[in-house]
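Since the structure comes first, as structure tokens, the remarks are kept for the end.
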Amino acid sequence: MEYRTGMDAETARALTDLAERVAALEAAASARARPPADTQVVEQLVHRLEGDGKAETLVYAGVGGWDGQTLAWQVERDWAEIRSAPPEHSATVLAALANPTRVRIAVELLRHGRTTAELAKRLDQPSSGQLFHHLKELLAAGVIHQPERGTYAVRHQHVIPLLAVLSAVMDLRPSVSWEEQ
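Shown next, in the form of structure tokens:
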């Protein structure tokens with residue numbers, strides 16, 4: 482798109498540049514709000530549903546490097562199992578993660594286990610009392626653990642489930658809707 486009518490060349494170039502940048506940003510935002518192009522897992526689940534009617538299934542998986550190891554994890558659960566699970570554990574975990582500071586702590590510990598002092602410094606926490614309160618809530622919910630006194634970490638078997646929870650929250654924002662695209 483080029484603009485020239487009644488404006489100098491510099492203004493026309495600036496306006497063209499802005500229009501191109503806005504178009505690129507809109508395209509990137511639209512791409513992030515669409516389902517993934519690789520739908521192999523979904524297609525398998527649909528095929529299973531059409532075959533035996535038993536595909537009310539949720540699948541999450543992940544693979545990546547963590548703390549010097551390669552983690553690979555896949556979980557498949559029936560919708561009925563999810564719907565009938567006692568709500569207390571889910572509520573405890575979600576409540577523990579319902580605080581921005583606790584989410585920051587969990588994300589920091591996803592990167593690497595830390596001592597209390599390291600966490601306080603990395604998260605710019607002026608009060609150790611507040612930090613301990615947040616750590617206590619995350620410990621009680623099982624989001625993190627204490628491998629040794631004064632050190633906190635995410636258990637390796639909880640890394641991908643925690644990332645899945647944080648990822649799922651990104652899709653629960655009111656502004657994300659594939660139907661609107």
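Here the sequence shown is numbered in the working numbering, starting from 482 and rising by one per residue.
From the three backbone atoms N, C-alpha and C, an ideal C-beta is built for every residue, glycine too.
- With contact defined as three or more Cβ pairs closer than 8 Å, the region 562-576 and the region 587-594 are not in contact.
- Taking 8 Å as the cut-off, the beta carbon of L644 is found closer than this to the beta carbon of G543.
- The continuous beta strand (DSSP E) containing D559 extends over residues 550-559.
- A Cβ-Cβ separation of about 7 Å places T597 in contact with S609 under the 8 Å criterion.
- Leaving aside the five residues that flank H615 on each side, the residues in its chain whose CB is nearer than 8 Å to its CB run, in chain order, N580, T582, R583, I586.
- Counting along the chain, L591 sits inside no beta strand (DSSP E); it lies in the alpha helix (DSSP H) bounded by residues 581-592.
- By the neighbour-count criterion, in which a residue is buried when 16 or more other Cβ atoms sit within 10 angstroms of its Cβ, V624 is buried.
- Less than 8 Å separates the beta-carbon of W560 from that of L539.
- When only Cα atoms are considered, D498 and A649 end up about 35 Å apart.
- Counting C-beta pairs closer than 8 Å gives fewer than three between the region 526-534 and the region 570-579, which falls short of the contact rule.
- The beta carbons of L552 and I641 sit about 6 Å from each other, so the pair counts as a contact at 8 Å.
- Ranked by Cα distance from Q550, the options V646, R636, A490 are led by R636.
- About 3 Å separates the Cβ atoms of A634 and G594, confirming a contact at the 8 Å cut-off.
- When the five nearest sequence neighbours on each side are left out, the beta carbons in the same chain lying within less than 6 Å of the beta carbon of L612 are those of A601, Q606, in order along the chain.
- Across the structure, A500 and D489 are spaced so that their CA atoms are roughly 17 Å apart.
- Note on E618: 16 or more other CB atoms within 10 angstroms of its CB, so buried under the neighbour-count rule.
- A direct Cα-to-Cα measurement between P655 and Y541 gives close to 22 Å.
- Within the region 595-658, the runs of beta strand (DSSP E) that reach at least 3 residues and sit entirely inside it are, in chain order, 626-629, 632-634.
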